[in-house]
Amino acid sequence: MEAKTGEPLVQLAVLEDVLNLCRANSLWPITFGLACCAIEMMAAGASRFDLDRFGAGVFRPSPRQSDLMIVAGTITKKMAPAVVRLYEQMPAPKWVIAMGNCAISGGPFYYEGQYAIVPGADLIIPVDVYVPGCPPRPEGLIEGILSLEEKIMQRPRLRKFR
Amino acid sequence: MLADTIKKSLTALNLEKVADGDYAKTGYHLEVAAQPDQMPAVAQLFLDQKCYLESLTAVDLVESFLLVYHFASFFELCRTVVHVPLAKGTRMPSITGSYKGADWYEREVYDMFGIGFSGHPNLKRILLPEDADFHPLLKDFVGGK
Amino acid sequence: MMLQRGIEEKTFFLNLGPQHPSTHGVLRVVLEMDGEFIVNSEPDIGYGHRAHEKMAELKTYPQFYPNMGRVDYLHALAYNQCYCMAVEKLLGLAVPERAEFIRVITSELNRLTSHLLWFGAYLMDLGAFTPFLYCFDDREIILDILDRLTGSRLTYCFYRFGGVPADIDDEFISATRGFVQRLRSRWDDYHNLVTKNVIFIERTRDVGIITEAQAIQYGLTGPTLRGSGIPYDIRKSEPYSAYPLFDFIIPTGERGDILDRYMVRLLEMEQSLRIIEQALDKLPTGPIMAEKVPKRLKPAEGEVYTAVETARGEFGIYIVSKGDVKPYRTKLRVPSFANLSILSEIIQETLVADTVAILGSLDVVIPEIDR
Numbered sequence: 033m034e035a036k037t038g039e040p041l042v043q044l045a046v047l048e049d050v051l052n053l054c055r056a057n058s059l060w061p062i063t064f065g066l067a068c069c070a071i072e073m074m075a076a077g078a079s080r081f082d083l084d085r086f087g088a089g090v091f092r093p094s095p096r097q098s099d100l101m102i103v104a105g106t107i108t109k110k111m112a113p114a115v116v117r118l119y120e121q122m123p124a125p126k127w128v129i130a131m132g133n134c135a136i137s138g139g140p141f142y143y144e145g146q147y148a149i150v151p152g153a154d155l156i157i158p159v160d161v162y163v164p165g166c167p168p169r170p171e172g173l174i175e176g177i178l179s180l181e182e183k184i185m186q187r188p189r190l191r192k193f194r
Numbered sequence: 005m006l007a008d009t010i011k012k013s014l015t016a017l018n019l020e021k022v023a024d025g026d027y028a029k030t031g032y033h034l035e036v037a038a039q040p041d042q043m044p045a046v047a048q049l050f051l052d053q054k055c056y057l058e059s060l061t062a063v064d065l066v067e068s069f070l071l072v073y074h075f076a077s078f079f080e081l082c083r084t085v086v087h088v089p090l091a092k093g094t095r096m097p098s099i100t101g102s103y104k105g106a107d108w109y110e111r112e113v114y115d116m117f118g119i120g121f122s123g124h125p126n127l128k129r130i131l132l133p134e135d136a137d138f139h140p141l142l143k144d145f146v147g148g149k
Numbered sequence: 014m015m016l017q018r019g020i021e022e023k024t025f026f027l028n029l030g031p032q033h034p035s036t037h038g039v040l041r042v043v044l045e046m047d048g049e050f051i052v053n054s055e056p057d058i059g060y061g062h063r064a065h066e067k068m069a070e071l072k073t074y075p076q077f078y079p080n081m082g083r084v085d086y087l088h089a090l091a092y093n094q095c096y097c098m099a100v101e102k103l104l105g106l107a108v109p110e111r112a113e114f115i116r117v118i119t120s121e122l123n124r125l126t127s128h129l130l131w132f133g134a135y136l137m138d139l140g141a142f143t144p145f146l147y148c149f150d151d152r153e154i155i156l157d158i159l160d161r162l163t164g165s166r167l168t169y170c171f172y173r174f175g176g177v178p179a180d181i182d183d184e185f186i187s188a189t190r191g192f193v194q195r196l197r198s199r200w201d202d203y204h205n206l207v208t209k210n211v212i213f214i215e216r217t218r219d220v221g222i223i224t225e226a227q228a229i230q231y232g233l234t235g236p237t238l239r240g241s242g243i244p245y246d247i248r249k250s251e252p253y254s255a256y257p258l259f260d261f262i263i264p265t266g267e268r269g270d271i272l273d274r275y276m277v278r279l280l281e282m283e284q285s286l287r288i289i290e291q292a293l294d295k296l297p298t299g300p301i302m303a304e305k306v307p308k309r310l311k312p313a314e315g316e317v318y319t320a321v322e323t324a325r326g327e328f329g330i331y332i333v334s335k336g337d338v339k340p341y342r343t344k345l346r347v348p349s350f351a352n353l354s355i356l357s358e359i360i361q362e363t364l365v366a367d368t369v370a371i372l373g374s375l376d377v378v379i380p381e382i383d384r
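Protein chains in written order, with our numbering: chain A, 33 to 194; chain B, 5 to 149; chain C, 14 to 384.
Written out as structure tokens, the structure reads:
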């Protein structure tokens with residue numbers, strides 16, 4: 033029996049679509065702010081930019097109860113094992129958003145000879161959506177979450193403001 | 005004036021240099037130079053004058069180290085810098101006997117430069133992982149891959 | 014030492030962090046506990062170490078400047094100001110008066126965002142969710158004002174060596190004045206919601222007391238120090254920029270407990286509003302950049318130490334220059350490093366719930382500690 037992360041063992045066609053719709057509209061992120069981007073993530077959860085209207089406002093402290101990890105901030109080499117362990121503790125199906133330049137590719141801290149950081153979250157865990165910015169505006173993070181919802185539902189959202 | 009009181013008490017320790025600093029240019033009111041083994045006594049003197057340890061750091065001068073201590077006071081404006089030259093490979097006496105806050109500063113200097121402090125209660129790395137085998141702020145450290 | 018002890022029957026070890034909703038960044042505190050009481054503790058830092066000081070040696074002065082906004086991103090403008098002041102001292106540049114006023118106004122607005130965020134996040138630690146929404150609401154107005162001027166919401170890189178690059182206009186001034194009125198009208202809300210709340214008072218009165226002797230031993234600064242009754246504020250003790258021209262007081266506490274530190278921060282916010290109002294009233298006309306700023310910054314050989322008062326305490330920069338375009342050594346003296354080092358002493362014999370409250374009241378930002 034092949035256990036591939038994110039792919040269910042039993043496939044039911046229409047039910048999968050319904051399940052994906054439910055999963056996309058109630059993403060529960062884990063409180064995982066590492067550095068500056070954490071503040072913009074908090075601002076996205078506050079009342080002006082409100083993540084709750086997308087169902088994604090329930091930040092859970094425990095990885096066992098969440099299905100979205102927003103890596104917000106620089107991953108240092110000391111922190112990397114903890115990031116991987118938290119990712120492994122999340123139950124499938126799970127997704128990762130790399131928020132901010134540090135989580136995408138090391139950001140402003142990457143230089144030739146940098147000894148302290150992991151230049152990019154995708155070097156240690158699989159990333160689904162990249163949200164660039166230093167830090168990205170809360171609207172950017174919301175766009176990232178909506179893109180993730182499109183990826184989960186495998187079809188575009190009903191209303192697209194492009 | 006706190007600066008005069010400090011200067012007077014420092015004369016008893018027979019230090020290399022106790023001079024007025026150029027505040028407008030450097031931000032120091034007093035500039036002091038001391039030898040490593042005199043440092044615990046100097047630190048105790050500043051604690052008796054109710055000064056706090058503002059900062060403790062080191063500079064890698066390639067052939068030797070220079071430890072730099074900054075002391076300031078909550079009650080009267082007077083910043084003192086103490087320069088302590090240290091030969092490479094020697095250990096520095098710790099001032100944690102006087103200032104408990106120096107604990108973390110000295111651990112950071114050990115972590116970044118590899119300077120050992122004798123008499124420190126818990127000298128281990130503080131910022132890098134404990135199994136790291138390099139001291140990053142040395143001038144000949146060029147970094148990882 | 015403590016981490017290598019064998020297993021004792023009476024006590025057990027618990028990790029607080031590095032991922033925990035209330036550790037204000039990635040901090041790990043290893044707690045040795047006897048039931049709910051803390052017997053021993055040891056903070057484990059370094060999870061946010063991004064090598065700022067090494068980068069300072071490898072980059073030129075302007076190239077290193079964006080790092081300053083990321084050291085403490087909550088009061089980034091004060092860190093920008095300190096770095097600019099240090100380099101201006103090395104170069105011997107004088108900043109024009111209007112630029113100093115703009116620096117003070119924007120830095121005080123940023124101090125307000127930092128204190129407001131601390132207020133909301135701290136109360137969330139204690140379990141109250143509503144104040145977080147209130148203060149982020151106020152904070153967003155300031156962020157809009159500063160965004161329009163500087164281009165950033167959080168990690169500013171706004172001042173330049175010799176002044177500021179952009180001038181403030183009438184819309185900035187009227188928006189700021191409007192905000193000052195609005196925030197003043199909110200103090201009653203905050204006091205009614207929080208300060209007079211019985212649960213809050215029970216959790217914070219006489220908890221986490223810091224004495225004057227401890228403050229001197231550990232080198233505490235900022236509201237953490239002023240809560241213990243010592244009126245030390247760099248803006249008054251070692252005035253810089255345009256602060257000598259303004260009239261404001263330094264609020265202090267009496268007992269040194271969490272409630273005093275909380276009140277100090279709230280009263281400081283009102284003082285920041287006073288400074289902003291006075292600065293807007295007395296704003297001079299004139300240039301915003303010094304006249305002769307060299308294109309290639311090569312300060313003379315020497316060293317300099319400059320300190321400013323940030324929302325967390327005294328931030329100092331120590332630069333050793335050997336006459337090159339890159340500094341030889343840059344040391345960032347951050348307030349949270351000293352403020353956090355007292356943690357293991359003051360959480361002895363307290364409950365875990367008090368530990369979280371005490372840690373929050375120190376107002377630490379971990380990336381600044383780890384640099």
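Here a beta-carbon is modelled for each residue, glycine too, at the ideal position from N, C-alpha and C.
- With burial defined as no fewer than 16 other Cβ atoms inside 10 Å of the residue's Cβ, what is the status of C/Ala-370: buried or exposed? Here the question's residue 370 of chain C lines up with position 357 in the third sequence. Buried, because 16 or more other Cβ atoms sit within 10 Å of the Cβ of C/Ala-370.
- Taking B/Lys-21 and B/Ala-37 to be in contact with their CB atoms under 8 Å, please state how far apart those CB atoms are, rounded to whole angstroms. Locating residue 21 of chain B in the second sequence gives position 17, counting from the first residue. Locating residue 37 of chain B in the second sequence gives position 33, counting from the first residue. Indeed, because the Cβ distance is near 4 Å, the residues count as touching under 8 Å.
- Item | Close-in-space but distant-in-sequence residues of the same chain around B/Thr-15 (CB under 8 Å, 5 per side omitted) | Counting from 1 along the second sequence, the entry for residue 15 of chain B is found at position 11. Correct list, in chain order: Val-22.
- Task: Output the distance between the C-alpha atoms of A/Asp-82 and C/Ala-107, rounded to the nearest integer angstrom.
- Result: Counted from its first residue, the first sequence places residue 82 of chain A at position 50. Counted from its first residue, the third sequence places residue 107 of chain C at position 94. Between A/Asp-82 and C/Ala-107, the C-alpha separation is close to 45 Å.
- Query: Near C/Glu-184, what residues of its chain come up, given a Cβ to Cβ distance below 6 Å and the 5 sequence neighbours on each side ignored?
  - Reply: By 1-based counting over the third sequence, the position of residue 184 of chain C is 171. No residues qualify anywhere along the chain.
- Cβ-based burial, A/Pro-168 [other Cβ within 10 Å; buried from 16]: Residue mapping note: residue 168 of chain A aligns to position 136 of the first sequence, counting from 1. Buried.
- Task: Could you have a look at B/His-74 and say whether DSSP puts it in helix, strand or coil?
- Result: As a working mapping, residue 74 of chain B is identified with position 70 in the second sequence. DSSP places B/His-74 in strand when its eight states are reduced to three.
- Hey, is B/Gly-147's beta-carbon within less than 8 Å of any beta-carbon in chain E? The chain inventory of the structure shown lacks chain E, comprising the protein chains A, B and C.
- Task: Leaving aside the five residues before and after C/Asp-160 along the sequence, list all residues of the same chain whose C-beta is less than 6 Å from its C-beta, in chain order.
- Result: Here residue 160 of chain C corresponds to residue number 147 of the third sequence, with the count starting at 1. Correct list, in chain order: Arg-166.
- Query: Per DSSP, what kind of secondary structure is C/His-88 in: helix, strand or coil?
  - Reply: Along the third sequence, read from residue 1 onward, the residue named residue 88 of chain C stands at position 75. If DSSP states are grouped into helix, strand and coil, C/His-88 belongs with the helices.
- Task: Just the chain C side, please: which residues come within less than 9 Å of B/Thr-30 by C-beta, in chain order?
- Result: As a first step, residue 30 of chain B must be located in the second sequence, where it is residue number 26. Those within 9 Å of B/Thr-30 in chain C are Lys-102, Gly-315, Glu-316, Val-317 and Tyr-318.
- Query: Can you list, in chain order, the residues of its chain whose CB lies under 7 Å from that of A/Ala-75, leaving out five sequence neighbours each side?
  - Reply: Sequence index remark: in the first sequence, residue 75 of chain A carries index 43 (1-based). Taken in chain order, the residues that qualify are Phe-81 and Pro-170.
- Using a C-beta cutoff of 8 Å, does A/Phe-193 count as contacting chain B? On the first sequence, position 161 is the one that residue 193 of chain A refers to. Bear in mind that the predicted position of A/Phe-193 carries a pLDDT of just 49, short of 50, making it unreliable; the figure below should be weighed with that in mind. Closer than 8 Å: no.
- Identify which residue in B/Ala-45, B/Phe-138 and B/Gly-25 has its Cα closest to the Cα of A/Tyr-147. As a position in the first sequence, residue 147 of chain A is number 115, starting the count at 1. Looking at the Cα atoms, B/Phe-138 is the closest of the given residues.
- Name the chain C residues whose beta carbon is nearer than 8 Å to that of A/Ile-71? What you label residue 71 of chain A is simply residue 39 of the first sequence in a count that begins at 1. In chain order: Tyr-86, Leu-87, Leu-130 and Leu-167.
- Task: Using alpha carbons as the reference points, say which of A/Val-128, A/Ser-137 and A/Ile-107 lies closest to A/Val-161.
- Result: The residue labelled residue 161 of chain A in the question sits at position 129 within the first sequence. When only C-alpha atoms are compared, the closest one is A/Val-128.
- Message: Counting only C-beta atoms, is A/Ile-149 closer than 8 Å to chain C at any point?
- Response: Sequence index remark: in the first sequence, residue 149 of chain A carries index 117 (1-based). Interface residue, yes.
- Going along the chain, which residues of its own chain have a beta-carbon closer than 6 Å to the beta-carbon of C/Thr-234, five neighbours each way excluded? For this step, residue 234 of chain C is matched to residue 221 along the third sequence. Closer than 6 Å at the Cβ level, and outside the excluded window around C/Thr-234, lie Gly-326, Glu-327 and Pro-348.
- Message: Within a Cβ cutoff of 7 Å, which residues of the same chain sit near C/Arg-309, ignoring the five residues on either side of it in sequence?
- Response: Translated into the one-based positions of the third sequence, residue 309 of chain C becomes position 296. Closer than 7 Å at the Cβ level, and outside the excluded window around C/Arg-309, lie Val-338.
- Item | C/Pro-383 at chain B interface by Cβ criterion, 8 Å | As a first step, residue 383 of chain C is located in the third sequence; it is residue number 370 there, counting from the start. Reading the sequence as shown, one finds Asp at residue 383 of chain C and not Pro. True, the Cβ-Cβ gap to chain B drops below 8 Å.
- Looking at the C-beta of C/Met-14, does it have a partner C-beta in chain B at a distance below 8 Å? Walking along the third sequence from the start, residue 14 of chain C turns up at place 1. In this prediction, C/Met-14 scores a pLDDT of 49, lower than 50, which makes its location untrustworthy; the coordinate-derived value is nonetheless stated afterwards. Answer yes: the Cβ-Cβ gap between C/Met-14 and chain B drops below 8 Å somewhere.
- Message: Counting beta carbon pairs with one atom in the region 169-184 of chain C and one in the region 297-312 of chain C, are three or more of them shorter than 8 Å?
- Response: yes
- Task: Using a Cβ cut-off of 7 Å, pull out every chain A residue sitting near B/Pro-133, in sequence order please.
- Result: Here residue 133 of chain B is taken as the residue at index 129 of the second sequence, counted from 1. What B/Pro-133 touches in chain A: Lys-109 and Lys-110.
- Using a threshold of 8 Å, state whether the C-beta atoms of C/Val-277 and C/His-37 are closer than that. By one-based count along the third sequence, residue 277 of chain C stands at place 264. By one-based count along the third sequence, residue 37 of chain C stands at place 24. No.
- So, do the region 96-112 of chain C and the region 125-142 of chain C have three or more beta carbon pairs nearer to each other than 8 Å? no
- Buried or exposed: A/Val-116, going by 16 or more other Cβ atoms within 10 Å of its Cβ? Taking the first residue of the first sequence as 1, we reach residue 116 of chain A at position 84. Looking at its Cβ environment, which holds fewer than 16 other Cβ atoms inside 10 Å, A/Val-116 is exposed.
- Task: Whole angstroms is fine: what's the gap from B/Ala-91's alpha carbon to B/Gly-120's?
- Result: Residue 91 of chain B sits at position 87 when you count from the first residue of the second sequence. Residue 120 of chain B sits at position 116 when you count from the first residue of the second sequence. Taking the straight line from one Cα to the other gives about 12 Å.
- Query: Going by the beta-carbon positions, is the gap between C/Arg-268 and C/Asp-219 smaller than 8 Å?
  - Reply: Counting from 1 along the third sequence, the entry for residue 268 of chain C is found at position 255. Counting from 1 along the third sequence, the entry for residue 219 of chain C is found at position 206. The answer is yes: Cβ separation under 8 Å.
- Query: Beta-carbon of C/Phe-350 versus every beta-carbon of chain B: anything under 8 Å?
  - Reply: Residue mapping note: residue 350 of chain C aligns to position 337 of the third sequence, counting from 1. For C/Phe-350, the answer is yes, since a Cβ of chain B falls inside 8 Å of its Cβ.
- Of the listed residues C/Ala-89, C/Pro-144 and C/Leu-139, nearest to C/Val-117 (C-alpha basis): Counting from one through the third sequence, the residue named residue 117 of chain C turns up at place 104. Checking every option, the nearest Cα to that of C/Val-117 belongs to C/Ala-89.
- Task: Check whether the Cβ of A/Gly-145 lies closer than 8 Å to any Cβ atom in chain B.
- Result: Against the first sequence, residue 145 of chain A aligns to sequence position 113. Interface residue, yes.
- C-alpha distance - C/Leu-293 paired with C/Thr-319, whole-angstrom precision: The residue you call residue 293 of chain C lines up with position 280 of the third sequence. The residue you call residue 319 of chain C lines up with position 306 of the third sequence. So the alpha carbons of these two residues sit roughly 26 Å apart.
- Query: Using the beta-carbon count (16 or more within 10 Å), is C/Glu-54 buried or exposed?
  - Reply: Mapped onto the third sequence, residue 54 of chain C falls at position 41. Looking at the sequence provided, one finds Ser at residue 54 of chain C rather than Glu. Label assigned to C/Ser-54: buried.
- Task: Using a threshold of 8 Å, state whether the C-beta atoms of C/Phe-50 and C/Leu-372 are closer than that.
- Result: Translated into positions along the third sequence, residue 50 of chain C becomes position 37. Translated into positions along the third sequence, residue 372 of chain C becomes position 359. The answer is no: Cβ separation not under 8 Å.
- If you follow the alpha helix (DSSP H) that B/Ala-91 is part of, which residue opens it and which one closes it? What you label residue 91 of chain B is simply residue 87 of the second sequence in a count that begins at 1. Per DSSP, B/Ala-91 belongs to no alpha helix (DSSP H); it is in the beta strand (DSSP E), 84-91.
- Roughly how many angstroms separate the alpha carbons of B/Leu-57 and A/Ser-79, rounded to a whole number? The residue you call residue 57 of chain B lines up with position 53 of the second sequence. The residue you call residue 79 of chain A lines up with position 47 of the first sequence. B/Leu-57 and A/Ser-79: Cα-Cα distance of roughly 43 Å.
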